[in-house]
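Engineer: Okay, so the sequence shown: first residue is 0 according to numbering that gives the first Met the number 0, each after it adds one.
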Amino acid sequence: MAFAKISQVAHYVPEQVITNNDLALVMDTSDEWISSRTGIKERHISKTEFTSDFATEVAKSLLNRAGLTADQIDFIIVATVTPDSLMPSTAARVQANIGAFKAFAFDLTAACSGFIFALSVAEKFISSGSYQRGIVIGAETLSKSVDWTDRSTAVLFGDGAGGVLLERSESQHFLAESLHSDGSRGDCLAFGKTPLTSPFSIEEKTESILKMDGRAVFDFATRDVAKSIQNTIESSPLSVDELDYLLLHQANIRILDKMAKKLGVNRDKIPANIMSYGNTSAASIPILLSDCVEKGFIHLDGSQKILMTGFGGGLTWGTVIVKL
Ligand code: 4VN
Numbered sequence: 000m001a002f003a004k005i006s007q008v009a010h011y012v013p014e015q016v017i018t019n020n021d022l023a024l025v026m027d028t029s030d031e032w033i034s035s036r037t038g039i040k041e042r043h044i045s046k047t048e049f050t051s052d053f054a055t056e057v058a059k060s061l062l063n064r065a066g067l068t069a070d071q072i073d074f075i076i077v078a079t080v081t082p083d084s085l086m087p088s089t090a091a092r093v094q095a096n097i098g099a100f101k102a103f104a105f106d107l108t109a110a111c112s113g114f115i116f117a118l119s120v121a122e123k124f125i126s127s128g129s130y131q132r133g134i135v136i137g138a139e140t141l142s143k144s145v146d147w148t149d150r151s152t153a154v155l156f157g158d159g160a161g162g163v164l165l166e167r168s169e170s171q172h173f174l175a176e177s178l179h180s181d182g183s184r185g186d187c188l189a190f191g192k193t194p195l196t197s198p199f200s201i202e203e204k205t206e207s208i209l210k211m212d213g214r215a216v217f218d219f220a221t222r223d224v225a226k227s228i229q230n231t232i233e234s235s236p237l238s239v240d241e242l243d244y245l246l247l248h249q250a251n252i253r254i255l256d257k258m259a260k261k262l263g264v265n266r267d268k269i270p271a272n273i274m275s276y277g278n279t280s281a282a283s284i285p286i287l288l289s290d291c292v293e294k295g296f297i298h299l300d301g302s303q304k305i306l307m308t309g310f311g312g313g314l315t316w317g318t319v320i321v322k323l
């Protein structure tokens with residue numbers, strides 16, 4: 000029986016920091032409005048880099064930390080809704096940049112749940128016994144897809160990437176998972192619709208800019224996602240008190256507060272870094288994981304039980320419980 004385990008973590012964000020006060024100079028908003036409603040104080044925004052540039056930095060750090068060379072990697076999955084291009088994929092660009100010539104590489108889109116979905120897929124590749132080692136990255140440049148004239152959404156997002164090295168292990172580290180989608184509610188968080196064109200049709204306007212029904216998505220997160228986390232914990236061999244940390248998608252600090260209450264867990268077990276990064280979609284959970292390792296909360300020595308949950312566009316939501 001083959002098992003998979005997360006052996007390294009890393010993250011990368013672009014250098015430029017945009018504070019709430021910086022945004023208040025270019026749109027009708029304020030630090031008070033943004034931080035009291037979302038918890039966000041600042042976010043990193045790309046000046047010249049693309050999603051694959053962030054993801055490449057993450058992949059290089061993972062290899063460095065593991066003392067591996069790129070030819071030892073069997074696959075690369077990048078979860079993103081802001082790829083440099085649809086073809087080639089962001090993952091294929093990463094493969095070329097690091098020289099992982101033996102790896103197969105593809106992107107996976109499940110919006111803010113993308114990293115969790117990709118981690119689940121990668122775990123299956125390894126536990127099938129077919130592959131030894133892969134890189135799973137969440138990477139986004141949401142700044143290129145938000146409407147900078149819409150103050151209700153523009154203030155929420157940030158750019159960056161985080162990822163993990165997943166390797167074969169002798170013992171079980173993935174303890175439970177659940178993945179879900181509800182396409183019938185997809186319109187409440189959407190962007191990037193492909194326009195219909197043909198020689199005989201009038202061109203439809205591209206809906207390239209992010210649109211969000213904030214209330215609907217907020218309610219989805221606090222009802223459906225909270226319930227699903229509870230169900231996943233119940234289906235696992237662990238009780239909620241045995242979890243060391245719950246790493247939840249960094250969409251809004253008030254959602255994290257509500258989740259803590261609903262799940263009956265100490266607020267300190269639900270770390271937040273949305274203050275410094277904003278909502279980075281598929282990158283938010285691996286950036287948070289990497290931050291927690293850097294700060295010494297999470298050790299990667301197999302002694303801790305960590306729950307990770309993504310939720311967002313699709314709609315999609317998913318949880319994994321891992322021994323780290
Ligand atoms: C999941 C969620 C969100 C999200 C939804 C609503 C929201 C973030 C609405 C009320 C508003 C403050 C902001 Cl739950 C976004 C994603 C996308 O990654 C995923 N903020 N807010 C207010 O007026 O208080």
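Backbone N, C-alpha and C define an ideal beta-carbon position, used for all residues, glycine too.
Note that the coordinates shown come from a computational prediction; the quantities given were computed from them, not determined experimentally.
1. Could you check how far apart the C-beta atoms of T140 and V93 are, in whole angstroms? I think they sit under 8 Å.
2. Where does M0 land, buried or exposed, given buried means 16+ other C-beta within 10 angstroms?
3. Beta-carbon distances below 5 Å to any heavy atom of the ligand 4VN define the shell here; list its residues in chain order, please.
4. Would you kindly work out how many angstroms separate the C-alpha atoms of E206 and I39, rounded to a whole number?
5. Just the C-alpha distance for F124 and T68, rounded to the nearest angstrom, thanks.
6. Is L306 closer than 7 Å to L245 when the C-beta atoms are compared?
7. Would you kindly report the start and end of the unbroken alpha helix (DSSP H) that includes Y276?
8. Going by C-alpha distance, which of H248, V264, D290 and S302 is nearest I284?
9. Thinking V216 and I5 are a contact (beta carbons under 8 Å), I'd like their distance in whole angstroms, please.
10. W147: buried (16+ other C-beta within 10 angstroms of its C-beta) or exposed?
11. Does V80 come out as helix, strand or coil in the three-state DSSP assignment?
12. Let me know the secondary structure DSSP gives E14 once reduced to three states.
13. Which runs of the beta strand (DSSP E) at least 3 residues long sit entirely within the segment 113 to 170? Give them in chain order.
14. Closest to A153 by C-alpha separation, out of T37, S302, F310 and K101, would be which residue?
Structural biologist: Walking through what the data contain:
1. As a working mapping, residue 140 is identified with position 141 in the sequence shown. As a working mapping, residue 93 is identified with position 94 in the sequence shown. That pair is no contact at about 14 Å.
2. The count along the sequence shown starts at 1 and reaches residue 0 at position 1. With fewer than 16 Cβ atoms within 10 Å of its Cβ, M0 is classed as exposed.
3. R36, C111, G213, V216, F217, A220, A250, N251, N278 and G311
4. Within the sequence shown, residue 206 is the residue found at index 207, counting from 1. Within the sequence shown, residue 39 is the residue found at index 40, counting from 1. Their Cα atoms are separated by approximately 27 Å.
5. Numbered from 1 along the sequence shown, position 125 holds the residue referred to as residue 124. Numbered from 1 along the sequence shown, position 69 holds the residue referred to as residue 68. Roughly 20 Å separates the two Cα atoms.
6. Walking along the sequence shown from the start, residue 245 turns up at place 246. Walking along the sequence shown from the start, residue 306 turns up at place 307. In contact: L245 and L306 (Cβ atoms closer than 7 Å).
7. Position 277 of the sequence shown, counted from the first residue, corresponds to residue 276. Y276 -> alpha helix (DSSP H) spans I273 to Y276.
8. In the sequence shown, residue 284 corresponds to position 285, counting from 1. Closest option to I284, Cα to Cα, is H248.
9. Counted from its first residue, the sequence shown places residue 216 at position 217. Counted from its first residue, the sequence shown places residue 5 at position 6. About 28 Å separates the two Cβ atoms, so there is no contact after all.
10. Here the question's residue 147 lines up with position 148 in the sequence shown. Exposed, because fewer than 16 other Cβ atoms sit within 10 Å of the Cβ of W147.
11. The count along the sequence shown starts at 1 and reaches residue 80 at position 81. In this structure, V80 counts as coil in the three-state DSSP scheme.
12. Indexing the sequence shown from 1 puts residue 14 at position 15. Here E14 sits in coil by DSSP.
13. 132 to 140 and 158 to 168
14. Along the sequence shown, one-based indexing puts residue 153 at 154. The option with the nearest alpha carbon to A153 is T37.
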